[in-house]
Every structure is written in C-alpha cells, then in structure tokens.
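As structure tokens, the structure follows; a few thoughts come after it.
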C-alpha cells in the first residue's frame, strides 16, 4: 500500500510537468501549422526549422538552469547567485546569436554549411535577429521553475505552459490575418515565440514570489550544503550539464547539415521541421522524470521506486507513440490537424514510425541523469554525450551505404546517438553494481 501511495504521489508530481512538455510540443507544431498556411510555406518551414535548430542549440544550456536551481537553491543567497549566473549566461548566448544573425560572416557560414538557397539563409538570419531577447526570457523562466519543482509546486510549470501556449496560439491566429505577415511569413513564429516566453516568465515569477518562504528556507536534500553557494561550486555543478546540452543540441543542426546537402535538401528540411516537433510528443516528457530523484529523495532514499516508476513511464510512452504513428491516426494528424499537403505528409510517415524506438531509450537515460543530479555527480554525463556525438558521426557516414536517405537518415542517426548516450550512463553509474549483482545472483536488487 505504501508503494502504491508513493506511485500516486509520483504521478501527481509529474502530471503538471507532462502537461508542460505536451503543451510546448503542441505550441511549436501550432507555429509550423500556421506557417504551412502562409505563402512560400516550404521555404518558410525550412527557414524556421534551421533557425529553431540553431536557437535550440544556443539556448540549450539555459534549460539546465532548471536542474541547477532545483538542486542548489536552498536559501535566499543561493537563489540570487543562480539568477545572476543565468543572466550572465543568457547575455553570452545573446551575443553569439547576434553574431550569427547580424554579420556577413554569419551569413557565409550558414550558407556554406547548409547549402540551401540564399533566400532561406536570409530568412534564418532575420528570425535569429528578431529573437535576440528570447534566450534571456527563456533562461529566467527555466531558472525560476527549478525551486518550484523542488518544493513540489509543479503546477506552476503547467500553468506557465498552458497560458504560454494560449498566448502563442492567439498570436498565430492574429498573425495569419495581418498583411505584413502574409508578405513576410517568418514574422509569425517570432510573434508566437515571444508571446509564449513572456507569459511563461510572468507566471513562474508569480509562483516564486508567492512561495518565496518555502523556496528560500526549505531543504529537501540529504546532501544539503550549509555553506553559502559560490560561483565556483555552481560552475563545477553546471558546466557538465551545459556541455551535455550543447552536444545534444549540436547533433540536430549537424544532422540538418548533412540532410541539407542531399538532393531536395530544402524539402527534407521542411519534413524534418514537422517530424522533429511532432515525433517528440510521446517521449519528451520522460525527461522530466529525472527531477523526481531530487524531489523525493527523502521518501525513496534507495531510488528503487523511482526506477520502477521510470520503467512504467517508458512503457506508457511507447504505447502512445505506437498509437499515434503506427496507426491511421497519423494521417489525421498530418493532413487534417497540421494541414500538410499529401505529398509532404507521405514523406513524414516513415520518420515518425522510427520515433517509437525512442521511448525506452529516453526512459533509461532520464533515470540515470536523475541519479547524477541527486548524487551531485554531474561530471559523469560528459562521457555519455561524447559517446553520443561519436556514434552520430559514424552513423551519418555509414547509414547512407545501407540505403538511408532524407528524413529517415536523420531520425535514425539521432536514435543511434540516444542509445549510445543511455548505455554509457548505465555503464558508468550502474556497471560495477550490475557486475557484482550478476556474480552474486542478486540482479533484481542491483
């Protein structure tokens, strides 16, 4: 009965975070659907796909400010140290993004790397230039939500996501009616992304203000520090996580680069823009399970209940993915909901089916990453992302010889990287225990 009640608490804790991820994916897909209904849809989708991949790569480390504040914020002083560090990191990212968007050398690099038409690259630069403040808004929102999650106020995460989606959806609907957007379709994602980011920051800020006493005085971790948080300790904790996300986010632009150099590169980029956003629906929420170990360490010190819950979550994700992408429901989603042309929709089917294999892999990876957070051993994630990058490079070179092309090549290559990353984490964190368990015949307890 106690274990059942614990699973119920896990579910109630995770539900708002799942809603957050789902709404975020719907939001990006809503933007893609809006672009699909505007003139020059293929070019606009290709430009948005490239710009979003570059933006995701640059802002990727900011996502880990949530994990940083989740683990390290234990009082008022540590809260402000984390906030100031987030502001500094956001400013650095904005400077890099400005260099890519506003300089001639940035145009040349993007053009040479992707080999798409100059018009697409110009649209990419315009989107990046208009989104210069986006890293700052998202970084602060991620930073503020971490302490709320730690103190089990996860509902603010879903509040922010739902209201952010509502703002983005309204922005898309309004933009579709504007003559300026009809003439320059790339303005649509800019308006929607800013509307969403500002709303999310406001909601999380209100949540932190309302629960500031809990955030600044409650310590849930057995390894809580009594010393004031320093920037040195913060950097030692954060840099492996930031490196992990940079490498993870770099893999998608790398794959886009390879796909863009193939025949019909712009068409395949448009397909990947749709497939990336849609295919992550069933599994991306699994990444949020890594927060559970830190939030529930006092209730499950050994982590066995969390491990079992992760396995169950992975199974649920797999079932959802199979239902969406291996049944005729996929045609309804692609044709009726998103509004793709039949030819473009047919090219999305095979890559979406491959996404079903991501669910169990992400479940294992998330469980292992949760262990690194609760044990404050973030350094061990570095070898796993290096393995991911190495396997992706090898796959990009080898898979075309087996007939993989276009979006199928891109999604399959990314899957091999996920597998390598998960297996490396298991080998480092649980390899010695598993070996001892096998030798002693106690594998179930490992």
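In the numbering used here, the protein residues as written are 302 to 747.
For glycine and all other residues, C-beta sits at the position ideal for the given N, C-alpha and C.
Item to check | residue 659 in three-state terms, based on DSSP | outcome: helix
Item to check | Backbone secondary structure at residue 565 - three-state DSSP | outcome: coil
Checklist entry - Rounded to the nearest angstrom, how far is the Cβ of residue 684 from that of residue 725, given a contact under 8 angstroms? => result 6 angstroms
Checklist entry - Which value, in whole angstroms, describes the spacing of the CA atoms of residue 313 and residue 556? => result 37 angstroms
Checklist entry - Which first and last residues belong to the alpha helix (DSSP H) in which residue 515 is found? => result 513 to 518
Item to check | Segment contact, 8 angstroms Cβ cut-off, at least three pairs: the segment 442 to 451 with the segment 500 to 507 | outcome: yes
Item to check | Expected contact under 8 angstroms - CB spacing of residue 584 and residue 665 to nearest Å | outcome: 12 angstroms between Cβ atoms; not a contact.
Item to check | Buried versus exposed call for residue 638 [16 or more other C-beta atoms within 10 Å across all chains shown] | outcome: exposed
Checklist entry - If you count every other CB in all the chains shown that lies within 10 Å of the CB of residue 436, and 16 or more means buried, which is it? => result buried
Checklist entry - Which whole-angstrom value is the C-beta distance of residue 318 and residue 668, which I expect to be below 8 angstroms? => result Their Cβ separation, rounded to whole angstroms, is 15 angstroms, which puts residue 318 and residue 668 out of contact at 8 angstroms.
Item to check | Ordered list of alpha helix (DSSP H) runs contained in the segment 423 to 492, each at least 4 residues | outcome: 435 to 451, 456 to 477 and 480 to 484
Item to check | residue 370 in three-state terms, based on DSSP | outcome: helix
Checklist entry - Hey, would you say residue 391 sits closer than 7 angstroms to residue 497, going by beta carbons? => result no
Next on the checklist: Here's the rule I'm using: 16 or more other beta-carbon atoms within 10 Å means buried, otherwise exposed. How should residue 486 be labelled?
Outcome noted: buried
Checklist entry - Between residue 459 and residue 321, which are expected to be in contact by the criterion C-beta below 8 angstroms, what is the C-beta distance as a whole number of angstroms? => result 5 angstroms
Item to check | Per-residue DSSP class, three states only, for residue 362 | outcome: helix
Checklist entry - Is there contact here, the segment 627 to 645 with the segment 600 to 612, by at least three beta-carbon pairs under 8 angstroms? => result no
Checklist entry - With a CB to CB cut of under 7 angstroms and the five nearest residues on each side skipped, what residues in its chain are close to residue 470? => result 331
Checklist entry - How about residue 729 and residue 697: are their beta carbons less than 7 angstroms apart? => result no
Item to check | Other residues of its chain near residue 493: CB distance less than 6 angstroms, five sequence neighbours each side excluded | outcome: 332, 469, 472 and 473
Checklist entry - Quick one: what's got a C-beta closer than 7 angstroms to residue 717's C-beta in the same chain, skipping five residues either side? => result 692, 693 and 696
Item to check | Cα-Cα separation, residue 620 to residue 461 | outcome: 27 angstroms
Next on the checklist: Between which residues of its own chain and residue 715 is the CB-CB distance below 8 angstroms, once the five residues before and five after are set aside?
Outcome noted: 552, 553, 556 and 693
Checklist entry - Who are the near neighbours of residue 688 in its chain, counting only those whose CB is closer than 7 angstroms to its CB and skipping five residues on each side? => result 721, 722 and 725
Checklist entry - By how many angstroms is the C-alpha of residue 441 removed from the C-alpha of residue 386? => result 10 angstroms
Item to check | Residue range of the unbroken alpha helix (DSSP H) whose run includes residue 392 | outcome: 377 to 403
Item to check | Same chain, Cβ closer than 6 angstroms to residue 541, five either side skipped, listed in chain order | outcome: 679, 680, 682 and 683
Next on the checklist: In whole angstroms, give me the CA-to-CA distance for residue 727 and residue 617.
Outcome noted: 21 angstroms
Checklist entry - Tell me which same chain residues have a C-beta within less than 6 angstroms of the C-beta of residue 652, skipping the five on either side of it? => result 576, 708, 709 and 712
Checklist entry - How about the segment 337 to 346 and the segment 477 to 485: do they share at least three Cβ pairs that are nearer than 8 angstroms? => result yes
Checklist entry - By Cβ distance, which residues of its chain are closer than 8 angstroms to residue 643, with the 5 residues on each side in sequence left out? => result 636
Item to check | Rounded C-alpha distance that separates residue 439 from residue 355 | outcome: 15 angstroms
Next on the checklist: Could you give the first and the last residue of the continuous alpha helix (DSSP H) run that contains residue 607?
Outcome noted: 605 to 626
Item to check | Cβ of residue 513 within 7 angstroms of any chain B Cβ | outcome: Here there is only one protein chain, and chain B is not present.
Next on the checklist: Between the alpha carbons of residue 434 and residue 622, how many angstroms are there, rounded?
Outcome noted: 34 angstroms
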